[in-house]
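Undergrad:
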Amino acid sequence: MSNQMEGNIKIGTHDDGITCNEVLACMLLKLLPRYMNAVIVRTQDQDILDSCDIVVGIGGIYDPSIHRYDYHMREFYETANTILKKPNYNRKIKLSSAGLIYCHFGHEILKILLPHIKEDRIIDELFKEIYDTIIVQIDAQGNNQIMPAYHSPYYEPAVSMCDDLCNLVRNINYNTWKKGAYMEEDELFEKAMAMILHTFMDFVICAEKVWLPARKIVQNAINSRFEIHPSGQIIELSESVPWQQHLYSLEREIKLDLRIMFVIFSSGNGYLIHCVPVTSKTSFFSRRIDFPGRWRGLSNEALVAVCGIEDAEFVHRNGLIARHKTRDGAITMAMTAFQIEISSAPYIHEKEPSYNELENMAGDIWNSSEYVPI
18 MSNQMEGNIK IGTHDDGITC NEVLACMLLK LLPRYMNAVI VRTQDQDILD
68 SCDIVVGIGG IYDPSIHRYD YHMREFYETA NTILKKPNYN RKIKLSSAGL
118 IYCHFGHEIL KILLPHIKED RIIDELFKEI YDTIIVQIDA QGNNQIMPAY
168 HSPYYEPAVS MCDDLCNLVR NINYNTWKKG AYMEEDELFE KAMAMILHTF
218 MDFVICAEKV WLPARKIVQN AINSRFEIHP SGQIIELSES VPWQQHLYSL
268 EREIKLDLRI MFVIFSSGNG YLIHCVPVTS KTSFFSRRID FPGRWRGLSN
318 EALVAVCGIE DAEFVHRNGL IARHKTRDGA ITMAMTAFQI EISSAPYIHE
368 KEPSYNELEN MAGDIWNSSE YVPI
């Protein structure tokens with residue numbers, strides 16, 4: 018062991034190729050002041066690992082009390098749900114090194130990266146968003162598990178980015194098959210950490226600068242919902258933002274008696290009216306309410322002749338979205354469609370006994386998807 022290693026804090030991990038989840042785990046640890054200057058020790062030698070201050074992804078032990086975070090054991094089935102003890106976290110995707118380190122140190126890391134955010138509630142919201150959009154994807158890849166179908170405006174871009182990231186890290190290994198071909202493997206590992214740090218920070222910045230403000234906009238719209246319609250089931254967003262995920266989350270938190278049916282917001286030179294999907298686990302083609310059948314597929318004069326609302330521009334042929342030239346007209350379209358639908362299906366306006374029951378009826382794909390442990 019070199020003199021340099023002997024005098025430093027050491028993070029131990031395996032040297033059996035460079036994997037995305039181990040790289041991310043080590044990178045996360047080095048964001049903490051106590052590990053910032055730590056040496057990454059990549060080895061299979063148990064005696065050397067025993068001398069490390071913290072070990073990830075090797076060693077056959079998961080025990081936070083002694084700073085050991087391996088996940089390869091046959092008996093290891095920990096998930097974010099079991100570690101964090103919170104029901105709204107994934108219960109099927111096993112944690113890899115990345116997920117273990119994130120679950121144990123993620124809140125602390127976010128407080129370091131975002132010192133201006135003082136509320137623990139906001140840190141917790143950002144923590145979950147980052148887990149849901151990057152960490153769980155890398156955990157799934159590390160455990161050879163298939164992520165379930167999940168319809169969310171954030172989901173598909175996150176999957177694509179995480180796939181690309183894992184492939185980039187995987188490709189780094191092609192430079193390690195022959196010593197001296199490009200860089201030494203430990204140097205390549207450092208390069209991979211720098212690359213993942215850049216991507217992780219992009220997710221953190223997006224969560225703070227885009228996701229969090231969008232949540233506030235949806236929250237304000239829900240708070241002022243009775244100003245739009247006396248039912249409280251139509252909301253207007255002050256600007257166009259990804260709203261679906263926030264709507265379901267806030268409905269649970271606020272425990273709304275009646276579900277939101279329509280979401281209105283400006284778009285270009287007009288206003289869009291979206292029907293709300295049944296749950297976050299279903300697509301826009303399975304909705305809580307639809308535009309009337311006789312409106313669907315019509316536009317401009319043909320639509321106005323049927324719906325009786327001047328300047329109505331179109332209704333999607335599947336009834337999921339409509340457009341009007343003006344704000345007041347968009348609200349009128351939503352109100353009229355709402356009245357028509359509740360007259361033909363009055364249960365829409367009934368008090369919902371349990372939001373969780375609604376989720377179960379629709380099928381909680383995320384938490385019921387089977388996985389293949391390795």
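With this note's numbering applied, the sequence shown covers 18 to 391.
Think of the CB as a built atom: it goes at the ideal place given N, C-alpha and C, for glycine as much as any other residue.
Only a predicted model underlies this, so the values are computations on that prediction, with no experimental measurement involved.
#1: Measure the alpha-carbon distance for Gly314 versus Thr343 and round it to whole angstroms.
#2: Three-state secondary structure (DSSP) at Pro309?
#3: Do you know offhand how far Glu92's Cα is from Ser241's?
#4: Determine, using beta carbons only, whether Ile140 and Leu127 come nearer to each other than 8 angstroms.
#5: From the DSSP output, in three-state form, read off His341 for me.
#6: Could you tell me the alpha carbon to alpha carbon distance between Val321 and Leu214, rounded to whole angstroms?
#7: For the 8 angstroms Cβ check, are there 3 or more pairs between the region 238-252 and the region 219-226?
#8: Which first and last residues belong to the alpha helix (DSSP H) in which Ile118 is found?
#9: For Lys103, which option in Asp87, Gly285, Cys120 has the closest C-alpha, if you only look at C-alpha atoms?
#10: Excluding the 5 residues flanking Gly77 on each side, which residues of the same chain have their C-beta closer than 8 angstroms to its C-beta?
#11: How big is the Cα-Cα spacing for Asn38 and Ser114?
#12: Could you please give the first and the last residue of the uninterrupted alpha helix (DSSP H) stretch that includes Glu207?
#13: Could you tell me the alpha carbon to alpha carbon distance between Leu273 and Leu264, rounded to whole angstroms?
#14: Can you tell me whether Val258 is helix, strand or coil according to DSSP?
#15: Please report the straight-line C-alpha distance between Asp149 and Lys135, rounded to a whole angstrom.
#16: Is there contact here, the region 302-312 with the region 271-287, by at least three beta-carbon pairs under 8 angstroms?
#17: If you follow the alpha helix (DSSP H) that Thr99 is in, where does it begin and where does it stop?
#18: Keeping to the same chain, check which residues put their C-beta closer than 8 angstroms to that of Ile145; ignore five residues upstream and five downstream.
#19: Alpha carbons only, please: which of Glu270, His246, Phe282 is nearest the one belonging to Ala354?
#20: Rounded to whole angstroms, what is the Cα-Cα separation between Lys27 and Cys69?
#21: If you draw a straight line from the C-alpha of Gln154 to the C-alpha of Pro50, how long is it?
#22: Inspect the beta-carbon positions of Val73 and Asn25 and report whether they are closer than 8 angstroms.
#23: Can you tell me whether Ser385 is buried or exposed? The criterion is at least 16 other CB atoms within 10 Å of its CB, across all chains shown.
#24: Mark Pro170 as exposed unless 16 or more other C-beta atoms lie within 10 angstroms of its C-beta, in which case mark it buried.
#25: Drop a sphere of 10 angstroms on the beta-carbon of Ile189, count the other beta-carbons inside from all chains shown, and report buried for 16 or more, exposed for fewer.
#26: Can you give me the start and stop residues for the beta strand (DSSP E) that Gly314 sits inside?
#27: Give me whichever residues DSSP pairs with Leu229 in a beta bridge.
#28: From which residue to which residue does the alpha helix (DSSP H) around Lys145 run?
#29: Nearest CA to the CA of Ile290: which residue from Glu318, Ala329, Glu270?
#30: Could you tell me which residues DSSP puts in a beta bridge with Val72?
#31: DSSP on Ser266, reduced to helix/strand/coil?
#32: Where does the unbroken beta strand (DSSP E) through Ala329 begin, and where does it stop?
#33: Could you say which of Ile151, Asn161, Asp203, Glu202 lies nearest to Leu182 if we only look at CA atoms?
TA: Looking at the coordinates:
#1: 20 angstroms
#2: coil
#3: 50 angstroms
#4: yes
#5: strand
#6: 53 angstroms
#7: Counting Cβ pairs under 8 angstroms, fewer than three are found: no touch.
#8: 114-130
#9: Cys120
#10: Asp87, His89, Met90
#11: 6 angstroms
#12: 202-223
#13: 11 angstroms
#14: coil
#15: 22 angstroms
#16: yes
#17: Bounds of the alpha helix (DSSP H) holding Thr99 are 97-101.
#18: In the sequence on display, residue 145 carries Lys and not Ile. Counting only Cβ-Cβ distances below 8 angstroms, and skipping sequence neighbours, we find Asn105, Tyr106.
#19: His246
#20: 5 angstroms
#21: When only Cα atoms are considered, Gln154 and Pro50 end up about 27 angstroms apart.
#22: no
#23: At Ser385, the pLDDT of 42 sits below 50, so the modelled position is not reliable; the number obtained from the coordinates is stated separately. Per the 10 Å Cβ criterion, exposed.
#24: The pLDDT assigned to Pro170 is 46, lower than 50, so where the model puts this residue is not dependable; a value taken from the coordinates is nonetheless given after this. Label assigned to Pro170: exposed.
#25: buried
#26: No beta strand (DSSP E) holds Gly314; DSSP gives it neither H nor E.
#27: Leu229 pairs with nothing; no bridge assigned.
#28: 137-147
#29: Ala329
#30: Gly29, Arg85
#31: helix
#32: 329-332
#33: Ile151
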